[in-house]
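Protein chains: 2
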Amino acid sequence: LPKEYAIIVAGGKGTRMGGATPKQFLSLAGKPLILHTIEAFTSYSQDLEIILVLPDDQLDTWRSIAEKYAVGKSIQVVVGGETRFRSVRNGLQKINDGLVAIHDGVRPLVSRDIIKNGFELAQRHGAAVACVPLKDSIRLLYPGSSKSVDRSSFRLIQTPQVFSAPLIKAAYGSVEDKGITDDASVAERAGHAIHLYDGSYENIKITTPEDLMIADAFLKAKAGL
Amino acid sequence: LPKEYAIIVAGGKGTRMGGATPKQFLSLAGKPLILHTIEAFTSYSQDLEIILVLPDDQLDTWRSIAEKYAVGKSIQVVVGGETRFRSVRNGLQKINDGLVAIHDGVRPLVSRDIIKNGFELAQRHGAAVACVPLKDSIRLLYPGSSKSVDRSSFRLIQTPQVFSAPLIKAAYGSVEDKGITDDASVAERAGHAIHLYDGSYENIKITTPEDLMIADAFLKAKAGL
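Chains as they are written, first to last, in my numbering: chain A, 6 to 230; chain B, 6 to 230.
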């Protein structure tokens, strides 16, 4: 079996959350959000190697969290770059072979099945990306107006985005970072087809105070509270 | 000032919720979901005329709710059609002039401001539709593959969708219903420009058990619980 890695990207400065605490360290169901994300991956596999990408000025916070919660001995920490693109590229420098799941640090509700399916499909297809259908209608903006488009032709893209490590490393080496918002786009611009698979509506990205409340409700429901 | 109407469309049979109770009648914070939606509009204006569109076999349920909660004296009930398109068209037959907000019965968290802004902008532009930017990347599907598209060029469409009544009545009279998922598309196909304005991420459409839980969390947060 190929070696499996996860790069967990936690570059947020917390500005959209309106507070001084970076969103990956906000408290969710009694512990820092980032720990929920990490535990989703360790519960999938103890053999997985986790690379956590953090801004330089958050390393001390991480060290105290890792100590307090007795995690992190097996987690490599890598300093992020100015953009998500550069943060992921920094993380990829620690990997040479196998499969790598790239995941948003602030998607704590990812399930074991979504992680598992991602690795299996990336093994088969080279690039596998979790997604969900759109529940709402969408419109395309153009200067001065907008028009309706068929929502069934689109998917909302989540993470994990799982790749053959050599494939995604090469893509990150050759593609510029302008306007790229996810890893699938990096792989695509390097010429690779993307295999889409089912994520879940629960696998939300926490970017606003409302999202944190929603995640809390999901976790309470799971715990049967 | 023009007369203002709201058509609240509640056609759901509840299949996606996994239960026998249509989702508009599910309990949310202690009362049927549809009452939250109706109260959002009555709290905006007591002069607003509300037209509630319901499937034929749900009229009895509505009557008992209206009696129990002492609402509905001023609410006209109209029987819906086989599709959302036909349900809205049935509702529009009760209106001849002024402005009309068409709203999903299962969007109970719409704010007064979103309703107010919709009427003001529809008065100025003829057609005003609430929307939010996409938080996630999106991909466009095509046979056998998919490609990334720039999410900043798209908006997720919500309701209310507010129109000059004569404009939207004429549009619903002349456009076929195939594949149309919202009222803005009906107006657009009849040749009208759509003015988009800011909705909110809280203004969710309740279509799954998870959504109901999220709405509950939002309401508890508002109540300071």
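A virtual CB, placed ideally from N, CA and C, is assigned to each residue, including glycine.
For chain B, is any of its Cβ atoms less than 7 Å away from the one on residue i?
i         : result
Phe159(A) : yes
Glu181(A) : no
Arg144(A) : yes
Asp203(A) : no
Ile162(A) : yes
Glu215(A) : yes
Gln153(A) : Correcting the residue type first, residue 153(A) is Ser in the shown sequence and not Gln. Answer yes: the Cβ-Cβ gap between Ser153(A) and chain B drops below 7 Å somewhere.
Ile119(A) : no
Ala176(A) : no
Glu193(A) : yes
My understanding is that residue i touches residue j, with C-beta atoms under 8 Å, so please give their C-beta distance in whole angstroms.
i         : j         : result
Leu217(B) : Leu33(B)  : 6 Å
Leu97(A)  : Lys183(A) : Contact flag wrong, Cβ pair sits at about 19 Å.
Lys140(B) : Lys210(A) : 6 Å
Thr212(A) : Val111(A) : 7 Å
Using only the alpha-carbon positions, how far apart do residue i and residue j sit?
i         : j         : result
Ser151(B) : Gly123(A) : 17 Å
Asn101(A) : Ile120(B) : 54 Å
Pro4(B)   : Lys73(B)  : With chain B covering only 6 through 230, there is no way to say anything about residue 4(B).
Ile55(B)  : Gly86(A)  : 54 Å
Thr164(B) : Glu9(B)   : 16 Å
Asp109(A) : Leu57(A)  : 10 Å
Arg194(A) : Val154(B) : 12 Å
Val105(A) : Ala132(A) : 10 Å
Arg91(B)  : Gln166(B) : 16 Å
Leu126(B) : Ala198(B) : 13 Å
Lys225(A) : Pro214(A) : 17 Å
His130(A) : Ser169(A) : 9 Å
Ser69(A)  : Asn95(A)  : 23 Å
Closest Cβ-Cβ distance between residue i and chain A: below 7 Å?
i         : result
Asp62(B)  : no
Tyr206(B) : yes
Leu172(B) : no
Asp65(B)  : no
Ser116(B) : no
Asp188(B) : no
Ile4(B)   : Because chain B spans 6 through 230 in this model, residue 4(B) falls outside it and cannot be assessed.
Ser150(B) : yes
Asp141(B) : yes
Might you give, ordered along the chain, the residues of its own chain that have their beta carbon closer than 8 Å to the beta carbon of residue i, omitting 5 neighbours on each side?
i         : result
Arg160(B) : Cys136, Val137, Pro138, Leu139 and Leu201
Ala45(B)  : Pro113, Leu114, Val115, Ser116, Arg117 and Ile120
Val142(B) : Before going further, note that residue 142(B) is Ser rather than Val in the sequence given. If we look at Ser142(B) and ignore the five residues flanking it on each side, its Cβ neighbours are Ser153 and Arg156.
Would you say residue i touches the ligand SAM, meaning its beta carbon is less than 6 Å from a heavy atom?
i         : result
Arg117(B) : Inclusion of the ligand SAM in the displayed structure is not the case, the ligand content being empty and no account of it being possible.
Apart from the five residues just before and just after residue i, which ones in its own chain have a Cβ nearer than 7 Å to its Cβ?
i         : result
Phe223(A) : Leu114 and Glu207
Ile162(A) : Val134, Cys136, Asp187 and Ala189
Gln128(A) : Pro7 and Leu104
Thr66(B)  : Phe30
Gly196(B) : none
Ser50(B)  : Glu9
Which same chain residues, not among the five before or five after residue i, have their C-beta less than 6 Å away from its C-beta?
i         : result
Asp61(B)  : Val84
Val180(A) : Val191, Arg194 and Ala195
Ala176(A) : Val191, Ala192 and Ala195
Thr88(A)  : Asp182
Leu38(A)  : Gln29, Leu31 and Pro113
Query raised in the report: How about the segment 202-220 of chain A and the segment 63-80 of chain B: do they share at least three Cβ pairs that are nearer than 8 Å?
Result: no
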